[in-house]
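Report on one structure; see the data block that follows.
Numbering (this note's numbering), first residue to last: 3 to 263.
Here it is in structure tokens:
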């Protein structure tokens, strides 16, 4: 019975350590990608100028850091059989699960309010920051890329681009709003010929794109939840096993000293 327990403990410890070792490497890679995005593109997709923490590089950096720290605690705790590191890992992952649950509930409850606020922030980015300075170059690159890839123009429609800070008094759009058959014309966005521009807004296109791939979000969410649950259960098993072994060693040491005396 004791031998089977030892084998089970060793198996769980090995799998837990290996899994967290891989996640630790992935977390380091994610941090590297975030730093590369920040250096190379100056906050490439900071579409929300008033909320810099929501830019892609910031979100990726925070996600990578959490992965890196949690996996380091788990891997080190399993390797050194440290109950302190294991319980720290358990608390961190439990807090992460709680934060995800709260964010999910709040997102569901206030989805309409969030949607309206998000659209207003995107409009503000277009009207006041697009193509105005190097500091906001990321917004310019992001909008040009999104409009070209999704064949859309503006947040709701092409009129969102009229009279913005980059061209006050002009009813024009960026070149990325031009339909492919007219993109060979350098002044396509300045001709005020609406038939040359994409008629649909990007917010609606992004919603459609997201809904078409909602099953992928569900699969990824289920996988993440499974990994987190597995980590919580495994870390608690290892924690209890480590404490039991430490207590047994202490008992043997005290018993040996008593026998000598």
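Glycine included, each C-beta is placed from N, C-alpha and C at the ideal position.
In terms of Cα proximity to residue 199, the closest of 167, 106, 161 is 161. Rounded to the nearest angstrom, the gap between the Cα atoms of residue 211 and residue 117 is 16 Å.
Boundaries for residue 203: no alpha helix (DSSP H) harbours it, and the DSSP string shows neither H nor E there.
DSSP, read as helix, strand or coil, puts residue 155 in coil. Taking every protein chain shown into account, the CB of residue 70 has 16 or more other CB atoms within 10 angstroms, so this residue is buried. For residue 14 and residue 241, the gap between their C-alpha atoms comes out near 11 Å. Counting along the chain, residue 96 sits inside the alpha helix (DSSP H) bounded by residues 85–111.
When DSSP assignments are scanned along the stretch 168–223, the uninterrupted stretches of alpha helix (DSSP H) that are 4 or more residues long and fall wholly within it turn out to be 204–214. Taking a C-beta distance under 8 Å as the contact criterion, residue 85 and residue 245 qualify as a contact pair.
Within a 10 Å sphere around the beta-carbon of residue 22 sit 16 or more other beta-carbons, which makes this residue buried. Look at residue 33 here: in three-state DSSP terms it is helix.
Rounded to the nearest angstrom, the Cβ distance from residue 92 to residue 231 is 12 Å, too far for a contact under 8 Å.
Distance between residue 197 and residue 132, taken at the CA atoms: about 23 Å.
Only residues of its own chain outside the window of five on either side were considered, and among them 75 have a CB closer than 7 Å to the CB of residue 90, listed in chain order.
When DSSP states are grouped into helix, strand and coil, residue 22 belongs to the helix group. The C-beta separation of residue 173 from residue 164 comes to about 5 Å, placing the pair in contact by the 8 Å criterion.
The C-beta of residue 201 has fewer than 16 other C-beta atoms within 10 Å across all chains shown, which makes the residue exposed. Within 10 angstroms of the beta-carbon of residue 87 lie 16 or more other beta-carbons, which makes it buried.
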